[in-house]
Amino acid sequence: MRIAILKERAAGESRVAATPETVKKFIALGASVAIEEGAGIGAAIADAAYAEAGAAVLPGPAASRDADIVLAVQAPDPALLAGARPGALVAATFDPFGARDQVEAYAAAGLEALAMEFMPRITRAQSMDVLSSQSNLAGYKAVIAAADLYGRAFPMMMTAAGTVQAARVFVMGVGVAGLQAIATARRLGAQVSATDVRSATREQIQSLGAKPVFVESVAGIEGEGSGGYATEMSEDYQKAQAELVSAHIARQDIVITTALIPGRAAPRLVTDAQIATMRRGSVIFDLAVAQGDGTGGNVEGSMADQVVERHGVKIMGFANTAGHLAADASALYSRNLYNFLSAFWDKEGGRPVLDEEIGNAVRLTQNGAVVNPRLEAAPAG
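The UniProt record's numbering puts the first residue of the sequence shown at 1, with every later residue one more than the last.
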């Protein structure tokens with residue numbers, strides 16, 4: 001069983017899908033590991049560290065020659081995997097809805113594409129969940145980046161020269177990233193409030209010492225919604241939420257937006273009119289900017305990897321937020337991959353054999369066809 005890791009080629013991608021730690025673990029399972037030269041440079045991992053762990057360090061796509069499994073952060077162009085074995089498994093993030101043409105290309109190439117972002121939100125798959133591990137880091141980084149841009153202190157400071165008031169931070173969307181954003185802002189000493197459409201998050205917000213801000217007049221989602229994600233709300237709820245946010249956002253110094261709906265453009269949470277109510281010098285970090293519709297992500301007018309100023313308010317967001325913490329992001333992502341494959345490792349066969357529940361959830365292509373039910377139900381585009 002040969003496992004290959006190529007250098008990431010997507011613009012701005014500094015992460016890598018394996019570390020010396022996971023290389024050693026895969027070798028302990030009986031696999032051989034090949035990695036492309038320079039694959040770990042963005043995550044501060046030298047080729048020598050991989051070689052010391054037992055990997056063969058090879059130039060260019062030669063690392064994928066005769067590979068049975070290819071690991072990646074962002075799915076590589078199938079042309080780079082021409083030397084892999086027929087039916088090779090490729091475990092990576094694919095953006096299956098947004099990059100349907102690439103999924104079709106994987107099917108045509110006879111590769112078995114495994115979309116890590118389709119990992120089901122079930123207890124036994126928690127250690128395999130790349131969205132959670134990367135979102136955790138993204139929520140932290142969003143607050144740190146916003147604090148740096150803000151230009152004022154976060155905690156209350158009482159000095160002989162006077163008192164500095166604590167920053168007021170409002171987190172919109174309380175999934176993994178939102179919860180980490182709340183915790184980070186609290187650790188920095190800010191006064192934190194948060195909102196979500198899922199009623200179950202109220203207690204989570206309070207447990208972190210933040211103030212929950214919820215629409216009370218219209219019912220939201222009871223529990224966690226489908227798969228732990230929020231879903232689109234009724235027009236009545238959206239209207240009530242917009243009114244609530246408008247009243248609250250005008251008093252905030254920092255706003256962090258984190259809302260995503262799988263397979264859809266990021267929902268618009270903050271409009272230009274709402275931005276205009278905030279005081280000059282305030283900051284908004286749009287964690288969903290990369291999933292926007294061209295006019296912004298959660299925030300109207302946000303642009304990936306740029307600071308946009310509207311009405312004196314600075315708006316920012318990264319196309320790849322977790323990638324700004326490449327070393328930690330790579331370590332967590334690579335452990336997710338190892339946990340995934342090792343959980344199904346057949347010692348006698350020397351390869352992973354996926355079960356139906358998780359295998360059918362993440363498998364996009366097999367035997368030359370697109371086989372994932374979620375993609376079969378969605379129109380090709």
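In this text, a Cβ means the ideal position worked out from N, Cα and C, and glycines have one as well.
Note that the structure is predicted; figures quoted are calculated from it, not measured.
By the neighbour-count criterion, in which 16 or more other beta carbons inside 10 Å mark a residue as buried, Ala11 falls on the exposed side. Just measuring C-alpha positions, the residue of Ala327, Ala361, Gly323, Asn372 sitting nearest Ala46 is Ala327. Distance from the CA of Gly281 to the CA of Ser199, rounded to the nearest whole angstrom, comes to 32 Å.
For Ile358, the enclosing alpha helix (DSSP H) has its first and last residue at 356-362. Taking 8 Å as the cut-off, the beta carbon of Asp286 is found no closer than this to the beta carbon of Val307. Taking the Cα of Gln74 as reference, the smallest distance to any Cα among Asp66, Asp95, Ser64, Ala84 is reached at Asp95. By the Cβ criterion, the segment 57-64 is in contact with the segment 24-37, since at least three pairs of Cβ atoms, one from each stretch, lie closer than 8 Å.
Excluding the 5 residues flanking it on each side, Ala329 has same chain C-beta neighbours closer than 7 Å at Arg15, Gln134, Leu137, Ala322, Gly323, in chain order. Cβ atoms of Gly292 and Ala266 come within 8 Å of each other, at about 6 Å. Taking the CA atoms as reference points, Val143 sits about 16 Å from Ile205. DSSP places Arg198 in the strand class (E or B) of the three-state scheme.
Around the beta carbon of Phe344, fewer than 16 other beta carbons sit within 10 angstroms, so the residue counts as exposed.
Annotation: the continuous alpha helix (DSSP H) that includes Glu376 extends over 373-376. Excluding the 5 residues flanking it on each side, Glu309 has same chain C-beta neighbours closer than 8 Å at Ile315, in chain order. Residue environment analysis places Lys347 among the exposed positions, since fewer than 16 neighbouring C-beta atoms fall within 10 angstroms of its C-beta. Distance from the CA of Val192 to the CA of Asp77, rounded to the nearest whole angstrom, comes to 43 Å.
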